[in-house]
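Engineer: Here it is, the structure in full.
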Amino acid sequence: RSTLDGTLFPYHDALPILVLALPSFRQVFFRRVEKKEQTSVRDRLVFFDILKGLAIIAVILIHVTFFFTHTEGLINNDDFINIANNLARFAIPFFFICSGILLNPIHSKVEIKGFYKRKIGRIFVPYFLVSAFLFLLYSVPVKTFLIQLIRGEAAVPFYFVLVLLQMYLLYPLLQKWRYKKWFLPVMFFVSLGYFVSPLPQQPLDFPIFFPFLFLFAYGMYFRDRFLDYKSDKQELFIWLMLILAYVLIMVAGRDYYYNQRYFYGPAMFNVLFYFREGIMKQKLVSRFLQAFGKNSLWIFLIHFTLMWTIYPYFYIVPMNYYFRFFFFLVVSVVLSYYLALACQKLYEYAYNLVVLKK
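So the sequence shown is numbered by the working numbering: it starts at 247 and just counts up by one.
Right, dumping it as C-alpha cells:
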C-alpha cells in the first residue's frame, strides 16, 4: 500500500516498531488482564455515549474533508485537509472498541438467539431501511440495490455496518478466547498482517473484517477494565507518546487516509478515559456529546447523503475557503443530528407498534 505519490507511508514502519521494540510500550499495549466474573451491561453508560458522540462528529469531519478534497481541486495531501482528516481517524476505532466493551457475555443458545434478534432490530433493520430509501431516491435497478446492500455501497460509510455484522457473528467464538494469553497479540498481528499484505481490503468488493478485528478484540479484552473505569497515571505517558508519534508521522509523511488506526485509536481512547471525570464535569460539552452518542447509528446512516444534498448550496454565496469548510461542518453536524433524531423516533414508534401488535 502506498500514498498517491507512490512512496510507502511510514506509519507501518514507525509505530509498530515503537510499540513492539520498546518493553514499556509493549507491556502497556498488550498488558495482561485477570479473569473475573463478567459484568452485564443493562443500562446506557453515559461516558460511552460521550465517546461515541465524539466519534460520530469526527466521522462527519472526515466526510467534510472528503467533499472539499474532491470538489475544490485539492490534492489529497493538502496540509489543512491532511491534518483535519487524519486527526479525526480515531472515530472508527472508537466504535469498534466500544462495541467490544459493551457486548454482554453469551452463555447459552437462548442468549445467542436474543443477542442476534436485538442486533438485527437495532442496527441492521435501520441499515436496510436507509439503503432502501436511497434505492428509491436514486431509482437504481433492483439488482444494483441488492448488490449495494450486500457490499455496503449505497453510501460511502456503509461498509462499517457489514464489518460490524461479521464481528457479531464471530463474537460467540471470540469470547471463548478472550482471557487467553495469546488473544490480543494474535488479533493484532492478524489485523496488521492482513492490512499491510497485498490481499484486497474488499475481496469481490465486499468489506472484510480482518483489518478491523484487533480493534473489536481490544474492546473485548479490556472490557472489565473500562467498565470498572480503571486508569493508570503511569500509562498516560505511553499513550500520549503514541499520539505524538502519530501526529509527527502524519505531518512529516502525509499519512494516507484510512481507518485501521491500531495505535492512534486505542491511545486516544485511553487518554480520554483517563480524563473521564474532568470531561463529565463539563456539563454542556458532555450533554452535547452524549446526545450525539445516543443517536450515533442514525447519524451514521443518514449524514453522508444529507451532506451530498446540501453541499452544492455552499457555493451560492462566495466565502473564504476555511470559513466555508467550518460552516459546512457545523451545518452538517446540526442537520444530521436533527434529521437522525426524527428518523430514530419514527423508527422506535414503528418498531414498538409492531412489537406490541405481536
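A virtual CB, placed ideally from N, CA and C, is assigned to each residue, including glycine.
Determine whether the beta carbon atoms of alanine 463 and leucine 488 lie at a separation below 7 Å.
Structural biologist: Within the sequence shown, the letter at position 217 stands for residue 463. Within the sequence shown, the letter at position 242 stands for residue 488. No, the pair does not count as a contact, with Cβ atoms beyond the cut-off.
Engineer: Classify glutamine 448 as helix, strand or coil using the three-state DSSP reduction.
Structural biologist: As a working note, residue 448 is residue 202 in the sequence shown. Glutamine 448 falls in the coil class under three-state DSSP.
Engineer: Excluding five sequence neighbours on each side, which residues of the same chain lie with their C-beta closer than 7 Å to the C-beta of leucine 585?
Structural biologist: Here residue 585 is taken as the residue at index 339 of the sequence shown, counted from 1. Within the same chain, leucine 585 has close Cβ partners Ile548 and Leu552.
Engineer: Helix, strand or coil: how does DSSP classify tyrosine 425 here?
Structural biologist: As a working note, residue 425 is residue 179 in the sequence shown. Note: tyrosine 425 maps to coil in three-state DSSP.
Engineer: Under the assumption that threonine 605 contacts alanine 330 (Cβ atoms under 8 Å), give the Cβ distance between them as a whole number of angstroms.
Structural biologist: For the chain, the structure presents residues 247 to 604; residue 605 sits outside this window and is missing.
Engineer: Rounded to a whole number of angstroms, what is the C-alpha to C-alpha distance between tryptophan 544 and serine 270?
Structural biologist: Position 298 of the sequence shown, counting from 1, holds the residue named residue 544. Position 24 of the sequence shown, counting from 1, holds the residue named residue 270. Roughly 40 Å between the two C-alpha positions.
Engineer: In its own chain, which residues sit with a C-beta less than 7 Å from the C-beta of asparagine 570, not counting the 5 before and 5 after it?
Structural biologist: Along the sequence shown, one-based indexing puts residue 570 at 324. Position check: residue 570 holds arginine in this sequence, whereas asparagine was assumed. Here the set comprises Phe560.
Engineer: My understanding is that glutamine 536 touches isoleucine 296, with C-beta atoms under 8 Å, so please give their C-beta distance in whole angstroms.
Structural biologist: Residue numbering aside, residue 536 sits at position 290 when the sequence shown is read from its first letter. Residue numbering aside, residue 296 sits at position 50 when the sequence shown is read from its first letter. That pair is a contact at about 5 Å.
Engineer: Around the Cβ of arginine 364, are there at least 16 other Cβ atoms within 10 angstroms (buried) or fewer (exposed)?
Structural biologist: Here the question's residue 364 lines up with position 118 in the sequence shown. That one is exposed.
Engineer: Could you tell me which of Tyr362, Phe429, Ala401 and Glu357 sits nearest to alanine 378, measuring between CA atoms?
Structural biologist: One-based indexing of the sequence shown puts residue 378 at position 132. Closest option to alanine 378, Cα to Cα, is Ala401.
Engineer: Label isoleucine 556 either buried or exposed according to how many other C-beta atoms from any shown protein chain fall within 10 Å of its C-beta, with 16 as the threshold for buried.
Structural biologist: As a working mapping, residue 556 is identified with position 310 in the sequence shown. Isoleucine 556 comes out exposed.
Engineer: Straight-line CA distance for threonine 249 to asparagine 505?
Structural biologist: Residue numbering aside, residue 249 sits at position 3 when the sequence shown is read from its first letter. Residue numbering aside, residue 505 sits at position 259 when the sequence shown is read from its first letter. Note on threonine 249: pLDDT 37, under 50, position unreliable in the model; no value is reported.
Engineer: Looking at C-alpha atoms only, which residue of Met496, Leu408 and Tyr510 is the closest neighbour of leucine 461?
Structural biologist: Taking the first residue of the sequence shown as position 1, residue 461 is located at position 215. The shortest Cα separation from leucine 461 among Met496, Leu408 and Tyr510 belongs to Tyr510.
Engineer: What's the gap between the Cα of alanine 337 and the Cα of glutamine 590?
Structural biologist: Walking along the sequence shown from the start, residue 337 turns up at place 91. Walking along the sequence shown from the start, residue 590 turns up at place 344. C-alpha separation (whole angstroms): 21 Å.
Engineer: Just verifying my parser: in three-state terms, what is the DSSP assignment at tyrosine 597?
Structural biologist: Within the sequence shown, the letter at position 351 stands for residue 597. It is helical.
Engineer: Given this structure, state the Cα-to-Cα distance separating phenylalanine 546 from proline 372, to the nearest angstrom.
Structural biologist: On the sequence shown, position 300 is the one that residue 546 refers to. On the sequence shown, position 126 is the one that residue 372 refers to. Their Cα atoms are separated by approximately 11 Å.
Engineer: What would DSSP say about valine 407, mapped onto helix, strand or coil?
Structural biologist: Reading the sequence shown from its first residue, position 161 is the one you call residue 407. It is helical.
Engineer: Answer yes if the segment 290-304 comes into contact with the segment 337-350, meaning at least three C-beta pairs across the two stretches below 8 Å, and no otherwise.
Structural biologist: Contact between the segment 337-350 and the segment 290-304 is present, because at least three Cβ pairs lie under 8 Å.
Engineer: Whole-angstrom Cβ separation of phenylalanine 434 and tyrosine 508, contact assumed at under 8 Å?
Structural biologist: Translated into the one-based positions of the sequence shown, residue 434 becomes position 188. Translated into the one-based positions of the sequence shown, residue 508 becomes position 262. Sure, about 7 Å apart at Cβ, within 8 Å.
Engineer: Roughly how many angstroms separate the alpha carbons of serine 578 and glycine 539, rounded to a whole number?
Structural biologist: One-based indexing of the sequence shown puts residue 578 at position 332. One-based indexing of the sequence shown puts residue 539 at position 293. In a straight line, the C-alpha of serine 578 is about 16 Å away from that of glycine 539.
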